[in-house]
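Visitor: Quick one: the structure is below, questions incoming.
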Amino acid sequence: TTSTSADPEVEALLQGYADVFRDVPGLPPMRPVDHTIPLVPGAQPVSRPMYRLSPLELDEVKRQVTDLLAKGMIHPSTSPYSAPILFVSKKDGTLRMCID
């Protein structure tokens, strides 16, 4: 992976352990634990509308979602549940996508 760390010591550690901090394609393998979430009978799915996003934020959503799809970290869904996206500016000026 590439680092944007401004701290030379952190950068040296990341480079020294590059095999540990490498980009992993997709999600980790399935584990033998089967987890379920019991739902309240008759409860309706929670679906909140999107927050208003600027054109810059909409472009960033498309870029990040496309990247996550390509890496296998997410997949298309038709679930009735949804949560809006918002962005928080990082120290370096890039946008961190957050799910509310």
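So for the sequence shown, my numbering puts the first residue at 635; every next one is plus one. Positions of the beta carbon are idealized from the N, C-alpha and C atoms, including for glycine. A quick note: this is a predicted structure, and the numbers were derived from the prediction, not measured.
Who pairs with LEU743 in a beta bridge, going by DSSP?
Guide: Residue 743 falls outside the range modelled here, since the chain spans only 635 to 734, and no answer is possible.
Visitor: With distances taken Cα to Cα, identify the nearest neighbour of GLU691 among GLY727, ASP653, LEU703 and GLY650.
Guide: Here residue 691 refers to the residue found at position 57 when the sequence shown is read from its first residue. Cα-wise, what sits closest to GLU691 is GLY727.
Visitor: Alpha carbons only, please: which of SER723, PHE721, GLU643 and SER713 is nearest the one belonging to VAL773?
Guide: With the chain running from 635 to 734 in the structure shown, residue 773 is simply not present.
Visitor: Given 8 angstroms as the limit, is there contact between the segment 674–689 and the segment 643–652, that is, 3 or more CB pairs closer than that?
Guide: At 8 angstroms Cβ cutoff, the stretches do not touch.
Visitor: Can you name the start and end residues of the alpha helix (DSSP H) that ASP701 belongs to?
Guide: On the sequence shown, residue 701 is found 67 positions in, with the first residue counted as 1. Looking at the DSSP string, the run of the alpha helix (DSSP H) that includes ASP701 is 689–704.
Visitor: On the DSSP bridge assignment, give the partners of SER681 in chain order.
Guide: Looking up residue 681 in the sequence shown gives position 47. Note: SER681 sits in a beta bridge opposite SER716.
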